[in-house]
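In my numbering, the protein residues as written are 15 to 390.
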Ligand SMILES: NC(=O)C1=CN([C@@H]2O[C@H](COP(=O)(O)OP(=O)(O)OC[C@H]3O[C@@H](n4cnc5c(N)ncnc54)[C@H](OP(=O)(O)O)[C@@H]3O)[C@@H](O)[C@H]2O)C=CC1
Ligand SMILES: N[C@@H](CC=O)C(=O)O
Ligand code: NA
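Here it is in structure tokens:
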């Protein structure tokens, strides 16, 4: 049997998604080592906000122990720059897996890609902040216009978690279809909130209690205000619009409806916000009863109209029979209207948040990168 090719992996962020990712890689490793040709996905660094473990000689960290060791580590955290340098010195091709929502880490992607490090990530920041960062990333990446020696970048889980949303859109565009409109439900948190607070047929819990549940279930952003202010959906639409060919400057370049009550805009932390939110359940109950009087339910949706370059994020009312009204749990639904598909859109539907399904998108991207790295 041929010697396995080693791909060196640094994981930054081991919260809900990061932990699930490490577990998925742990289960994959034995099968990949026996594959033909064999592949050694070697985890050499794991970092969270206050701790880090790395392997001094670039040996594989023991994945069955590394998360416990990381939590109990008393070593001081080296600067991020040092950890990234360590990765660039790995004795083979290396991948940075960013499972944080940190904009600072996201800003290092162009430099890391140019140094030959590939990136896989569910972190939306790099792809939805200012357009100039997006342009730098794809002009540095080997799967953009960068050098063939550069790293590859994949970010499937930035939209619709593990659902194949970005790969589908890229394929539509690359095969010459013309995307006219993309619309649907793009937030697992918002889907869960409205499906459980305002289900078809009546009933449902208090809005603030459902927000707490969404956080406990791992659907929300680290700070749930980033979901409720509409910005998470705006970021996803920015990514989709850019892939569809629109030069959207930033996720605040279009109108985004926020569900944060005015009085809570000044809360200094997510915890303070969650503590005060029950005081505003009455406002959401009013929204529910006014829609119910028309025989409708309210859902949080988004759309991109490509020819007119119009991007919209906010609440809309739907008849009970509408597919968006009938979604369950954290499901997303994404409708692609294109020239080829005509008036019957290509539809992708399923869980749009949660650790395991999001990690699946990240692990899938890692396998795509590994396959590309093996070819050169
Ligand atoms: N949860 C979901 O359903 C989905 C999540 N995503 C994206 O995945 C990413 C991770 O989400 P999730 O796992 O839910 O979030 P969590 O809050 O559970 O985990 C975030 C992790 O990142 C670490 N972290 C934060 N800042 C830094 C930093 N500066 N340096 C090193 N580590 C850092 C945290 O460290 P510590 O452990 O010390 O706190 C934690 O381990 C986010 O970008 C999110 O938008 C995308 C699609 C769906
Ligand atoms: N907070 C996000 C997580 C996935 O992107 C959501 O609820 O959709
Ligand atoms: Na996806």
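Positions of the beta carbon are idealized from the N, C-alpha and C atoms, including for glycine. Model, not experiment: these values are computed from the prediction.
Legend entry - Close-in-space but distant-in-sequence residues of the same chain around residue 154 (CB under 7 Å, 5 per side omitted): Walking along the chain shown from the start, residue 154 turns up at place 140. For residue 154, where only same-chain residues beyond five positions count, the Cβ hits under 7 Å are 124, 127, 128, 160, 164.
Inset, instruction - Please say whether residue 179 and residue 348 have beta carbons closer to each other than 9 Å? - result: Within the chain shown, residue 348 is the residue found at index 334, counting from 1. Within the chain shown, residue 179 is the residue found at index 165, counting from 1. Cβ distance < 9 Å, so residue 348 and residue 179 count as in contact.
Inset, instruction - Sort 277, 242, 112, 99 by Cα distance to residue 203 and report the nearest one. - result: As a position in the chain shown, residue 203 is number 189, starting the count at 1. Cα-wise, what sits closest to residue 203 is 242.
Inset, instruction - Could you spell out the range, first to last residue, of the alpha helix (DSSP H) harbouring residue 345? - result: As a first step, residue 345 must be located in the chain shown, where it is residue number 331. Element bounds for residue 345: not the alpha helix (DSSP H) but the beta strand (DSSP E), 345-352.
Inset, instruction - Use the C-beta contact count for residue 189: other C-beta atoms within 10 angstroms, 16 or more gives buried, fewer gives exposed. - result: Here residue 189 corresponds to residue number 175 of the chain shown, with the count starting at 1. With fewer than 16 Cβ atoms within 10 Å of its Cβ, residue 189 is classed as exposed.
Inset, instruction - Could you round the C-beta distance between residue 64 and residue 91 to whole angstroms and report it? I think they count as a contact, below 8 Å. - result: On the chain shown, position 50 is the one that residue 64 refers to. On the chain shown, position 77 is the one that residue 91 refers to. Indeed, because the Cβ distance is near 6 Å, the residues count as touching under 8 Å.
Inset, instruction - Tell me whether residue 122 counts as near ligand 4, meaning its Cβ is closer than 8 Å to at least one heavy atom of that ligand. - result: Ligand 4 is not among the ligands present in this structure, which contains only ligand 1, ligand 2 and ligand 3.
Inset, instruction - Tell me whether residue 19 counts as near ligand 1, meaning its Cβ is closer than 8 Å to at least one heavy atom of that ligand. - result: On the chain shown, position 5 is the one that residue 19 refers to. Result no, Cβ not under 8 Å from ligand 1.
Legend entry - residue 178 beta carbon near ligand 3 (any heavy atom closer than 8 Å): Taking the first residue of the chain shown as position 1, residue 178 is located at position 164. It does: the Cβ of residue 178 is within 8 Å (strictly closer) of some heavy atom of ligand 3.
Legend entry - Of the residues 217, 205, 184, the one placed nearest residue 227, counting alpha carbons only: If you number the chain shown from 1, residue 227 lands on position 213. Here the closest residue by C-alpha is 205.
Legend entry - C-beta contact flag for residue 350 and residue 199 at 9 Å: Taking the chain shown and counting its residues from 1, the one referred to as residue 350 is at position 336. Taking the chain shown and counting its residues from 1, the one referred to as residue 199 is at position 185. No; because the gap between Cβ atoms is not below 9 Å, this pair is not in contact.
Inset, instruction - Using 10 angstroms around the beta-carbon of residue 47, count the other beta-carbons present and answer buried if the total reaches 16, otherwise exposed. - result: Counting from 1 along the chain shown, the entry for residue 47 is found at position 33. It is exposed - the Cβ of residue 47 has fewer than 16 other Cβ atoms within 10 Å.
Legend entry - Enclosing beta strand (DSSP E) for residue 111 [first to last residue]: Counting from 1 along the chain shown, the entry for residue 111 is found at position 97. It spans 108-112 - the beta strand (DSSP E) in which residue 111 sits, taken as one unbroken run.
Inset, instruction - Confirm, please, whether the CB-CB distance from residue 119 to residue 94 is below 9 Å. - result: Locating residue 94 in the chain shown gives position 80, counting from the first residue. Locating residue 119 in the chain shown gives position 105, counting from the first residue. Their beta carbons are under 9 Å apart, which means residue 94 touches residue 119 by this criterion.
Legend entry - Residues bridged to residue 132 [DSSP beta-bridge criterion]: As a position in the chain shown, residue 132 is number 118, starting the count at 1. Beta-bridge pairing links residue 132 to 109.
Inset, instruction - In angstroms with no decimal places, state the Cα-to-Cα distance between residue 35 and residue 114. - result: As a position in the chain shown, residue 35 is number 21, starting the count at 1. As a position in the chain shown, residue 114 is number 100, starting the count at 1. So the alpha carbons of these two residues sit roughly 12 Å apart.
Legend entry - Close beta carbons around residue 220, own chain, < 6 Å, minus the five adjacent residues each side: Within the chain shown, the letter at position 206 stands for residue 220. So the list reads 295, once near-sequence residues are dropped.
Inset, instruction - Figure out for me which residue from 366, 213, 239, 372 has the closest Cα to the Cα of residue 332. - result: For the purposes of this step, residue 332 is taken as residue 318 along the chain shown, with counting starting at 1. If we check each option's Cα against that of residue 332, 213 comes out closest.
Legend entry - Three-way DSSP call (helix, strand, coil) for residue 298 in this model: Taking the first residue of the chain shown as 1, we reach residue 298 at position 284. In the structure shown, residue 298 sits in a helix (DSSP, three-state: H, G or I).
Inset, instruction - Within the region 179-239, note down every full beta strand (DSSP E) run reaching 3 residues or more, in order along the chain. - result: 193-199
Inset, instruction - Return yes when the Cβ of residue 216 is within less than 9 Å of the Cβ of residue 210, no when it is not. - result: Locating residue 210 in the chain shown gives position 196, where the first residue counts as 1. Locating residue 216 in the chain shown gives position 202, where the first residue counts as 1. No.
Legend entry - Closest by C-alpha distance to residue 382, when choosing among 28, 132, 16: Start at 1 with the first residue of the chain shown, and residue 382 comes out as number 368. Comparing Cα positions, the closest option is 132.
Inset, instruction - Using the Cα positions of residue 371 and residue 232, report the straight-line distance between them to the nearest angstrom. - result: Mapped onto the chain shown, residue 371 falls at position 357. Mapped onto the chain shown, residue 232 falls at position 218. Approximately 11 Å, taken between the alpha carbons.
Inset, instruction - Check whether the Cβ of residue 367 sits closer than 8 Å to any heavy atom of ligand 2, and report yes or no. - result: For the purposes of this step, residue 367 is identified with residue 353 of the chain shown, where counting begins at 1. Answer for residue 367: yes, Cβ within range of ligand 2.
Legend entry - Closer than 8 Å: residue 343 CB and nearest ligand 1 heavy atom: Mapped onto the chain shown, residue 343 falls at position 329. Checking every heavy atom of ligand 1 against the Cβ of residue 343, none is found closer than 8 Å.
Inset, instruction - Give a yes or no on whether the C-beta atoms belonging to residue 248 and residue 265 are separated by under 9 Å. - result: Within the chain shown, numbered from 1, the residue matching residue 248 stands at position 234. Within the chain shown, numbered from 1, the residue matching residue 265 stands at position 251. It is a contact, given that the beta carbons lie within the stated cut-off.
Inset, instruction - To the nearest angstrom, report how far apart residue 250 and residue 288 are at their CA atoms. - result: For the purposes of this step, residue 250 is taken as residue 236 along the chain shown, with counting starting at 1. For the purposes of this step, residue 288 is taken as residue 274 along the chain shown, with counting starting at 1. Cα to Cα, residue 250 sits roughly 24 Å from residue 288.
Inset, instruction - Measuring alpha carbon to alpha carbon, tell me which of 364, 26, 279, 323 ends up nearest residue 263. - result: In the chain shown, counting from the first residue as 1, residue 263 sits at position 249. Comparing Cα positions, the closest option is 323.
Inset, instruction - Identify the continuous alpha helix (DSSP H) that holds residue 149 and give its terminal residues. - result: Taking the chain shown and counting its residues from 1, the one referred to as residue 149 is at position 135. That run of the alpha helix (DSSP H) goes 145-154.
Legend entry - Inter-stretch contact (C-beta, 8 Å, three-pair minimum) for the region 133-144 and the region 360-380: yes
Inset, instruction - Any chance you could list the alpha helix (DSSP H) runs of at least 4 consecutive residues sitting entirely within the region 63-106, in chain order? - result: 80-86, 94-102
Inset, instruction - Tell me whether residue 171 sits in a helix, a strand or coil according to DSSP, three-state version. - result: As a first step, residue 171 must be located in the chain shown, where it is residue number 157. In this structure, residue 171 counts as helix in the three-state DSSP scheme.
Legend entry - Start and end residues, alpha helix (DSSP H) containing residue 250: Indexing the chain shown from 1 puts residue 250 at position 236. Residue 250 -> alpha helix (DSSP H) spans 245-257.
Legend entry - Nonlocal neighbours in the same chain, by C-beta distance under 8 Å from residue 151, ignoring five residues either side: As a working mapping, residue 151 is identified with position 137 in the chain shown. Taken in chain order, the residues that qualify are 123, 124, 127, 140, 141, 158, 167.
Inset, instruction - Measure the alpha-carbon distance for residue 336 versus residue 33 and round it to whole angstroms. - result: One-based indexing of the chain shown puts residue 336 at position 322. One-based indexing of the chain shown puts residue 33 at position 19. The alpha-carbon atoms of residue 336 and residue 33 are separated by roughly 36 Å.
Inset, instruction - Quick one: using the 10 Å Cβ neighbour count with 16 as the cut-off for buried, is residue 112 buried or exposed? - result: Numbered from its first residue, the chain shown carries residue 112 at position 98. Buried, since its Cβ has 16 or more Cβ neighbours within 10 Å.
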